[in-house]
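Right, one structure below, let's go through it.
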């Protein structure tokens, strides 16, 4: 059987370790960065590296047409209103059989003070969420059952520990539940989707246990031996992410169901 070719658009916190894992599994992996300065880092990892410029994406890129799987993994923060159009410029260059995983965020859900599933109401009023919702819809209309969307909660692991950025600060909503997921489970869900040919689906990605902000970030700060943040106890609107669908329907077992078990 011919080896499948993988592509990672956005070789950052999640995309780079995902690409490296696939390289270790003897897969051919193309990856993108936004500047020539970062090309060497990707090539050193064994990735076939490309600079992807949002202003030049209309130009045909032969490597895109060769991919069997593509991971779309760049945030909308820099592209804003053009984010969905940028995603479409990429996927329109794929071959008709290519499968697509789009990384979205649980920020697309409204804070309705309840548990939310993949069927819950979307709300595009928070930062970047409107751009993500629009991109999801555009990709679904175009790719249909060749696309699966993953909405990840707050990202933890690797070099990302949110307690580092909260040291000495006062955090609002200390009694809010935390929705977070470890990097290893982000990668595990992506592999589960590809390995089991799960297409035309939407999944949430979050640890099953939801401690309060005060509980978790105090714990995480103590593990790092840094000063924990202070918290106010004002009640704020919240949501609790239910990510059980991928386990119940497709058997994915989260490596870290409880944030208190996250390594690091």
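In our numbering, the protein residues as written are -19 to 244. For every residue, glycine included, the Cβ atom is placed at its ideal position computed from N, Cα and C.
Let me check one thing: in DSSP terms, what residues is residue 29 bridge-paired to? 11
Just tell me which of 105, 153, 79, 136 has its CA closest to the CA of residue 125. 79
With DSSP run on the structure shown, which of helix, strand or coil describes residue 148? coil
Comparing alpha-carbon positions, which option in -8, -7, 5 lies nearest residue -16? 5
Backbone secondary structure at residue 210 - three-state DSSP: strand
Less than 7 Å between C-beta atoms, sequence neighbours within five positions excluded: which residues of the same chain meet that for residue 176? 230
So residue 119 is in the beta strand (DSSP E); what residue range does that whole segment cover? Counting along the chain, residue 119 falls outside any beta strand (DSSP E), though it belongs to the alpha helix (DSSP H) covering 109 to 123.
State whether the region 57 to 65 contacts the region 74 to 92, with contact taken as three or more CB pairs (one from each stretch) at a distance under 8 Å. no
Could you check if residue 73 is buried or exposed, using at least 16 other CB atoms within 10 Å of its CB as the buried criterion? buried
Whole-angstrom distance between residue 122 and residue 107, CA atom to CA atom: 25 Å
Contact set for residue -5: own chain, Cβ-Cβ below 6 Å, skip 5 residues either direction: -12, 53
Candidates 9, 244, 93, of which the one nearest residue 222 by Cα: 93
Does DSSP put residue 183 in a helix, in a strand, or in coil? strand
Rounded to a whole number of angstroms, what is the C-alpha to C-alpha distance between residue 41 and residue 51? 16 Å
Taking 8 Å as the cut-off, is the C-beta of residue 217 nearer than that to any heavy atom in the ligand MG? Among the ligands in the structure shown, none appear at all, so the ligand MG cannot be discussed.
Reduced DSSP category for residue 3 - H, G, I as helix; E, B as strand; rest coil: helix
Rounded distance between the beta-carbons of residue 127 and residue 120, thought under 8 Å: 6 Å
Roughly how many whole angstroms lie between the Cα atoms of residue 226 and residue 173? 9 Å
Are the CB atoms of residue 236 and residue 165 nearer to each other than 9 Å? yes
Would you check if the region 144 to 158 and the region 178 to 185 touch, i.e. whether three or more CB-CB distances between them fall below 8 Å? no
Helix, strand or coil: which one does DSSP assign to residue 240? helix
Excluding five sequence neighbours on each side, which residues of the same chain lie with their C-beta closer than 7 Å to the C-beta of residue 1? 167
Extent of the continuous alpha helix (DSSP H) run through residue 64: 63 to 71
Tell me where the beta strand (DSSP E) around residue 132 begins and ends. 127 to 132
If you draw a straight line from the alpha carbon of residue 215 to that of residue 45, how long is it in whole angstroms? 50 Å
Taking 6 Å as the limit between beta carbons, can you name the residues of its chain near residue 9, skipping five residues before and five after? -14, -1, 2, 3, 27
Would residue 56 pass as a contact of residue 111 if the rule is Cβ separation under 9 Å? yes
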